[in-house]
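To start, the structure itself, in structure tokens.
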Amino acid sequence: MTDKFQTIFEAFEKQTEAALTKSDATAAAALYDEHAVVVDCTESKHFYGHAEIRGMLEAFLKQGDPEPKKIGTNFFAVDENRFLADSTLETKHFMMTHKVLIQQLFQKKGVLWKCVYENISV
Numbered sequence: 640m641t642d643k644f645q646t647i648f649e650a651f652e653k654q655t656e657a658a659l660t661k662s663d664a665t666a667a668a669a670l671y672d673e674h675a676v677v678v679d680c681t682e683s684k685h686f687y688g689h690a691e692i693r694g695m696l697e698a699f700l701k702q703g704d705p706e707p708k709k710i711g712t713n714f715f716a717v718d719e720n721r722f723l724a725d726s727t728l729e730t731k732h733f734m735m736t737h738k739v740l741i742q743q744l745f746q747k748k749g750v751l752w753k754c755v756y757e758n759i760s761v
């Protein structure tokens, strides 16, 4: 089952990267559920729904490219319609390398998979 979830996750990542490359925070935010919650422990902030997540992504885009390097992702099945992706990245910010941990809960909504919860920490 983790192969199925890995495929879904990689499609989400690819769509997110494509939207952010175009500086399209609206398209990137649309990949999240309309009631999604993002908790950013690095900034002690939380964001709820498309509008707030779009604002978070717009602020991220203004910071410039953090040169993310994926270390790895583990997948955990909740049930056949939900899974958790636990990712580790390295980013560069102000000439320093940081390890970033991202946990995302995905849920199938009709025929689409949406991120319903995300936690970002260092």
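In this text, residue positions in the sequence shown follow the numbering used here: the first is 640, and each later residue adds one. We put the beta carbon where it would ideally sit given N, CA and C, even for glycine.
Under the three-state reduction of DSSP, Thr730 is assigned to strand. For Ala667 and Glu652, the gap between their C-alpha atoms comes out near 10 Å.
In this chain, the alpha helix (DSSP H) harbouring Ala667 covers Ala664 to Ala668.
Collapsing the DSSP output to three states places Glu656 in a helix. In this structure the region 674-691 touches the region 745-756; the number of beta carbon pairs closer than 8 Å is three or more.
Sequence-distant partners of Lys748 (beyond 5 residues in either direction) whose C-beta falls short of 7 Å from its own C-beta, in its chain, are Asp672. Judged by DSSP in its simplified three-state form, Lys708 adopts strand. Beyond the five residues adjoining it in sequence on each side, Lys709 comes within less than 6 Å, by CB distance, of Leu728 in the same chain, given in chain order.
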